[in-house]
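Heads up, the thing below is written out as structure tokens.
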Amino acid sequence: MSCSEASRPTGPVKSQELSPSTALREATTSGAAGQPLAWQDSLAKARRRRMPRGLKIAIVWLLEFAAIFALAETISVFFLPPGLIFYHPQQQVEPSARRIYDSQPNQRTFTIDKPYVTNSLGFRDEREVPLAKHGELRILSLGDSIAQGLGVAAEDTYARKLEASLAPRYGAVRVINAAVASYSTWQEVDLLEDKGLRVRPDIVMLSFCWNDLFPRPRLVIPLPVGDSNQYYNATLLRVLRELKRSRVLSFLRERLEIALFKAFPSFGWTHQQMIYEGRTSPYLEQSYSDVAASLEAFASLARIHHFVPILIILPMPGQVRHPDPAAHMQRRMEAIARRVGIPTVDLLPVLQQAYASTRDVYIQWDNTHLSPRGHQAVAAALERYLLDSQLIKRQGGA
Numbered sequence: 132m133s134c135s136e137a138s139r140p141t142g143p144v145k146s147q148e149l150s151p152s153t154a155l156r157e158a159t160t161s162g163a164a165g166q167p168l169a170w171q172d173s174l175a176k177a178r179r180r181r182m183p184r185g186l187k188i189a190i191v192w193l194l195e196f197a198a199i200f201a202l203a204e205t206i207s208v209f210f211l212p213p214g215l216i217f218y219h220p221q222q223q224v225e226p227s228a229r230r231i232y233d234s235q236p237n238q239r240t241f242t243i244d245k246p247y248v249t250n251s252l253g254f255r256d257e258r259e260v261p262l263a264k265h266g267e268l269r270i271l272s273l274g275d276s277i278a279q280g281l282g283v284a285a286e287d288t289y290a291r292k293l294e295a296s297l298a299p300r301y302g303a304v305r306v307i308n309a310a311v312a313s314y315s316t317w318q319e320v321d322l323l324e325d326k327g328l329r330v331r332p333d334i335v336m337l338s339f340c341w342n343d344l345f346p347r348p349r350l351v352i353p354l355p356v357g358d359s360n361q362y363y364n365a366t367l368l369r370v371l372r373e374l375k376r377s378r379v380l381s382f383l384r385e386r387l388e389i390a391l392f393k394a395f396p397s398f399g400w401t402h403q404q405m406i407y408e409g410r411t412s413p414y415l416e417q418s419y420s421d422v423a424a425s426l427e428a429f430a431s432l433a434r435i436h437h438f439v440p441i442l443i444i445l446p447m448p449g450q451v452r453h454p455d456p457a458a459h460m461q462r463r464m465e466a467i468a469r470r471v472g473i474p475t476v477d478l479l480p481v482l483q484q485a486y487a488s489t490r491d492v493y494i495q496w497d498n499t500h501l502s503p504r505g506h507q508a509v510a511a512a513l514e515r516y517l518l519d520s521q522l523i524k525r526q527g528g529a
């Protein structure tokens, strides 16, 4: 007999005592084995339905963030201005072989949350301009989105405010807003030659801003059909615009942009600083040269078609907010305009004074485009200039 056989018990085996946990586990296992397969499937599904711990934590954090955000948004009502509300569709453009793109005629859209209506020429005016003047003094306003009145109602633009102020005291006066968003000086002068002369203006005001100081493209490529309109009204952009309704998100976005510009200055920001500080570069010199050429063409059109040209120099928002800003851009543009024979209106002191009396000069959270108060200040300054220059006379010749 082997040792293993000798050690094997030969009599009845007495039942071994098990620990309670072991007994429970074996009982469960043996019980489950005897249950139908459907019961085991339902047990497995129940285990799978248990929410992962990480997901639970994420949901709790999300709920906490939503509660904090709602509280912050409620409190911000007392400290922050309302966010911007964008209605759709936003203003539309169409391709142009001469100017890359043009304002779409006869449109009824929006500029932020204000109605944007154009006539058959694409000008921001619900009125058509008749060919016959019948003694009417006509002032044509050219420029970019600031002159156009981005974000304000048509009656709040400086063009319409100027007309409303002049007409009762100086007889039949019509101020026509032909400005187009994002246009540069060369595009504005071309628009004047192409469309503006049709309204037979007596005075043409061309507004200039620092962002006109980019070189003119040597080749004009029309904007592909629908590209700009699809961009401005794309679904993703519409969602992002909805977020601008929030005061808190607008505040955080503004602070983040300031920090990013300081840490990682963009080309546009660096270019603007160079203009403000009076520094130069071949790129900037080319820009000034191109603007000068456009102003020469502007002056030439004025001589041929017998209207009075006026260059309106709009300041940078940073200049307006600064008590003693550098004005290199203003002085250089005045010198260029003087050389080609165009009078100028420098709006820096005007808007500085308006800003000192009321901070409401630019659209809140936009900080670039004029608010209705800003437009009013510009209109008042232009009226004073027209009167002082004797370009307008009171009824009766006074």
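Going by the working numbering, the first residue of the sequence shown is number 132, and it counts up by one from there. Backbone N, C-alpha and C fix where the C-beta goes; we use that ideal spot for every residue, glycine too.
Quiz item: Under the three-state reduction of DSSP, which class applies to Asn308: helix, strand or coil?
Solution: strand
Exercise. Use the C-beta contact count for Pro151: other C-beta atoms within 10 angstroms, 16 or more gives buried, fewer gives exposed.
Key: No answer about Pro151 holds up, because its pLDDT of 49 lies below 50 and its placement is not dependable.
Quiz item: If you drop the 5 nearest sequence neighbours on each side, which residues of the same chain put their C-beta closer than 6 Å to that of Lys326?
Solution: Leu252
Practice problem: May I ask you to verify whether the region 446-464 touches the region 482-498, counting CB pairs closer than 8 Å and requiring at least 3? | Solution: yes
Quiz item: Should Ser315 and Ile443 be called a contact, given that it needs their Cβ atoms to be closer than 8 Å?
Solution: No, the Cβ-Cβ distance between Ser315 and Ile443 is not below 8 Å.
Quiz prompt | Per-residue DSSP class, three states only, for Gln221 | solution = Annotated three-state conformation of Gln221 is strand, per DSSP.
Quiz prompt | Burial state of Pro448 (16 or more Cβ within 10 Å) | solution = buried
Quiz item: Over what stretch of residues does the beta strand (DSSP E) that includes Arg269 continue unbroken?
Solution: Leu268 to Leu273
Quiz prompt | Nearest residue (CA-CA) to Leu383, options Ala203, Phe429 and Asp256 | solution = Ala203
Practice problem: Could you say which of Ile389, Phe345 and His402 lies nearest to Asn498 if we only look at CA atoms? | Solution: Ile389
Quiz prompt | Counted within 10 angstroms of its Cβ, other Cβ atoms place Thr249 as buried (16 or more) or exposed | solution = The residue in question, Thr249, is buried, as its Cβ has 16 or more Cβ neighbours within 10 Å.
Self-check item: Environment of Glu319 [buried if 16+ CB atoms lie within 10 Å]
Solution: buried
Practice problem: Hey, could you find the ends of the beta strand (DSSP E) Lys245 is sitting in? | Solution: Lys245 to Val248
Quiz item: What three-state label does DSSP hand Val464 in the structure shown?
Solution: It is Met, not Val, that sits at residue 464 in the sequence shown. Of the three classes helix, strand and coil, the one that applies to Met464 here is helix, per DSSP.
Exercise. Would you tell me roughly how many angstroms separate the C-alpha atoms of Ser381 and Lys292, rounded to the nearest one?
Key: 30 Å
Practice problem: Counting only the same chain and skipping the five closest in sequence on each side, list residues whose C-beta sits under 8 Å from that of Val356. | Solution: Glu225 and Pro226
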